[in-house]
Each structure stands twice: as structure tokens, then as C-alpha cells.
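**Student:**
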Amino acid sequence: MIADEADQDGQKQFLVFAAVFFPATNVLKLHNEVLNLRKKFGYGDEDVLKSSPKTKPKHVSSTDHAEIKNAILDLAAAESCKVCCYVVPHDIAKGQKHADRLKFGTNTLLGKFDQFLLEHGKCAGMAFFDTTTDYK
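So for the sequence shown, our numbering puts the first residue at 19; every next one is plus one.
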């Protein structure tokens, strides 16, 4: 599982935590296919590939940026990856301490990841979260 959060500071309407669950048997194939897609769409080894159009390299067109994201989503679906999102309006979450809001999102994703592992033969898994110093 790889997870990240967005808009934890309340600048937008929602606090969002999202995670992608990868079946371990498919990770190498996914990695290699993403490398091929990066090359096909003109992404260099050091170029950032994120969802936000603000992060795309200047030499990659907006059309190519949208197409590579769609191709990666199609690939992930074909390889049995699952996406889990925790979304809460800031108007609801504002009654909680900042650290508690983040911990609740983290715990929610980990609970769904545990369910994913149980559904795939009670196997073990690894969870990676974006680096944060917001709570310990």
C-alpha cells in the first residue's frame, strides 16, 4: 500500500487521504509498464510524474500528461490494484485536533488495507505513507 494525503491545511473543501493497494505478485510488472509509459510520453528519469497538472514537466504537453495518467489507471485496474479514499469535509473535521484528523485518516486506510489482505488469502503486506512531521 502506498498512501498520501491532500489539503490537510483546510485551503480547500475536503481533507483527502488516498491509498493504492498493489498485489505483490504484480508490482514488478506494474513498475516496468510505468517505466515504458514514462518513456513513451517523454518523461525523463528525473521528471516528476504526479496527478496535478501543476507538477508536469514543461516539455510534456497537457494532453500527454492526461493520457499517461489514464494509461496508468488502466494498467492498475488490469493488474488488480485497488484505490481507497478517505474524504471528510473540513467543516466536519475542524472540531478535531489537526493530529487527530490525520490519524483518523491513516487508521481508516490501514483498516481497509487489512481487509484487502484478508481478501487475498490472509497475506502479509507493507504500508508506505508520505513523510509527515504533523504527529508522532
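Cβ coordinates follow ideal geometry from the N, Cα and C atoms, glycine included.
Which residues does DSSP list as the beta-bridge partners of tyrosine 104?
**Tutor:** For tyrosine 104, which the question treats as bridged, DSSP gives the partners Phe35.
**Student:** Return the chain-ordered ranges of every beta strand (DSSP E) run that is complete within the stretch 80-145 and spans a minimum of 3 residues.
**Tutor:** Within the stretch 80-145, the complete beta strand (DSSP E) runs of at least 3 residues are 100-107.
**Student:** Keeping to the same chain, check which residues put their C-beta closer than 8 Å to that of lysine 100; ignore five residues upstream and five downstream.
**Tutor:** If we look at lysine 100 and ignore the five residues flanking it on each side, its Cβ neighbours are Val38, Phe39 and Phe134.
**Student:** Quick one: Cα of leucine 33 to Cα of serine 69, how far?
**Tutor:** Taking the straight line from one Cα to the other gives about 17 Å.
**Student:** The ligand SAH heavy atoms versus the CB of glutamate 97: any closer than 8 Å?
**Tutor:** With respect to small molecules bound, the structure shown includes none, and the ligand SAH cannot be examined in it.
**Student:** Sorted by chain position, which residues of the same chain lie with C-beta nearer than 8 Å to leucine 93's C-beta, five sequence neighbours on each side aside?
**Tutor:** Once the five neighbours on either side are set aside, the close Cβ partners of leucine 93 are Leu48, Glu51, Val52 and Leu55.
**Student:** Determine whether the Cβ of glutamine 133 lies closer than 9 Å to any Cβ atom of chain B.
**Tutor:** Absence of chain B from the displayed structure is noted, only one protein chain being present.
**Student:** Is the CB-CB distance between alanine 42 and aspartate 22 below 9 Å?
**Tutor:** Cβ distance not < 9 Å, so alanine 42 and aspartate 22 don't count as in contact.
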